[in-house]
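Novice: I'd like to ask some things about the structure below.
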Amino acid sequence: ALLALLLYVAAFSFGLGPLPWNLMAELLPHRARAPGAALATALNWLCSFVVTESYATAVAAITPAGTFFLFAAVCLAGAAFVFAVLPETKGKSLADIERLFADRGA
Numbered sequence: 407a408l409l410a411l412l413l414y415v416a417a418f419s420f421g422l423g424p425l426p427w428n429l430m431a432e433l434l435p436h437r438a439r440a441p442g443a444a445l446a447t448a449l450n451w452l453c454s455f456v457v458t459e460s461y462a463t464a465v466a467a468i469t470p471a472g473t474f475f476l477f478a479a480v481c482l483a484g485a486a487f488v489f490a491v492l493p494e495t496k497g498k499s500l501a502d503i504e505r506l507f508a509d510r511g512a
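First residue of the sequence shown? That's 407 in the working numbering, and the numbers climb one at a time after it.
Laid out in structure tokens, this is it:
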């Protein structure tokens, strides 16, 4: 169980863990970075709290395997959202990214 926990933490740290901070640094305009950082951090910790608090209840209700598949489905939905909604920012300046979102909002 300890090895599985360590593998989970390692995978999360390379996967979805740093995503809020990466997105915030690339997608938020400079003037909105401070409130955006606060919101992203609060939402990240809130989601972590919900997962932690709901785990035991989910295991009791739908078995450990069911809980794993439920959490896997949530991760797949998150990945689908990232690929479908978030723009590619590789090679773009912050000004280019800000214009991209300004064009989407118009």
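Ideal Cβ positions, reconstructed from N, Cα and C, are used throughout, including at glycine. Fair warning: this is a prediction, and the values are worked out from it, not measured in the lab.
Would you call the stretch 494-504 in contact with the stretch 421-435, where contact means no fewer than 3 C-beta pairs closer than 8 Å?
Specialist: yes
Novice: Alpha carbon to alpha carbon, how far is L408 from F418?
Specialist: Taking the Cα positions, L408 is about 15 Å away from F418.
Novice: If you draw a straight line from the alpha carbon of A479 to that of A508, how long is it in whole angstroms?
Specialist: 32 Å
Novice: Just how far apart, CA to CA, sit G442 and I503?
Specialist: 16 Å
Novice: Which term fits A446, buried or exposed, when burial requires 16 or more other beta carbons within 10 angstroms of its beta carbon?
Specialist: buried
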